[in-house]
Ligand SMILES: Nc1ncnc2c1ncn2[C@@H]1O[C@H](COP(=O)(O)OP(=O)(O)OP(=O)(O)O)[C@@H](O)[C@H]1O
Ligand SMILES: [Mg+2]
């Protein structure tokens, strides 16, 4: 049997902070095993950003939850997830708890359900600090107000005393970002952080993520179904389809020379100022998953795709 493909990590990044090799995640269901993630390999450098893009059900959240070790207990997982010097799947739960929310934090896909509706937002951020550091409540509160200020929430002292319903959707998302960043993680996983927001607020949140990323030299796994959104924050892009990465490379390269038909479709589906409003938007054609999947092959330096024959670069 052919050796499973693992991209030459060093060609993408110098120092991988996160390195995933041959990750498989599946869920046993009444109708059989659902393979959510298949043989997935990628890495993220310190301070690097990988955008994970793909349609609904392609396995993006399952990948994120596998890294955080927050998959439901019935999920089956195999493969390696190395973060710094740790192999996350084999860490004891108390060591994982020390990493989660401190060295790796996550902004979850549903911002409305991720905040506790009956707790002041400041107390929720302070809890995130106190879960990892032995500070006085007063110091944790001070740090909370500072963190809310860092994500540009106006009048943070006052807003910290608000309950989630008193804040706008954009402000709630800023609170989520503050909570994720308050312990200065090395890696932030943002799962569709702007999907629930309108376009103007979405742009502000993307700008905020870009600026905190630079300020804290934060590595980021940015998940979205929208390649246009991903291209605004990520330097590397991995395109997922039916649990597999079908194409991966630098963001400019992916846009200028997409190799996989599915990536072509995603690019075609991004509306631009020149898109005619009288025509329906392009949709991405379903791909047939073959019994013997095509392996990822290098089509140009730092650019891989599951294509039968590498096109001329
Ligand atoms: N707890 C579960 N039990 C069974 N199947 C699951 C479970 N969670 C996810 N799946 C399945 O795994 C696959 C991948 O789901 P995942 O949530 O990772 O997709 P996604 O790419 O994040 O989609 P979306 O864009 O809708 O968030 C889907 O087929 C989904 O139905
Ligand atoms: Mg998801």
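Numbering (the working numbering), first residue to last: 2 to 314. Yeah, the Cβ is synthetic: ideal placement off N, Cα and C, and Gly gets one too.
Check	Outcome
Rounded straight-line distance, which links the Cα of residue 123 to that of residue 9	In this prediction, residue 9 has a pLDDT of 49, which is less than 50 and means its spatial position is unreliable; nothing more can be read from the coordinates.
DSSP state of residue 263 mapped onto helix, strand, coil	helix
Any alpha helix (DSSP H) of 4 or more consecutive residues that is wholly inside the segment 80–110	94–100
Rounded separation between residue 157 and residue 109 - CA only	22 Å
Start and end residues, beta strand (DSSP E) containing residue 247	245–251
For residue 187, three-class secondary structure by DSSP	coil
Ligand 2 heavy atom lying under 7 Å from the CB of residue 227	no
The segment 71–81 in contact with the segment 15–35 per 3-pair CB rule at 8 Å	yes
Simplified DSSP assignment, three categories, for residue 166	helix
Reduced DSSP category for residue 258 - H, G, I as helix; E, B as strand; rest coil	coil
Three-state class that DSSP yields for residue 309 in the structure shown	coil
Exposure of residue 3, with buried meaning 16 or more beta-carbon neighbours within 10 Å	Low local confidence applies: a pLDDT of 48 at residue 3 is under 50, so the model's placement there is unreliable, with the coordinate-based value given in what follows. Under this definition residue 3 is an exposed residue.
From 298, 220, 33 and 207, residue whose alpha carbon lies closest to that of residue 250	298
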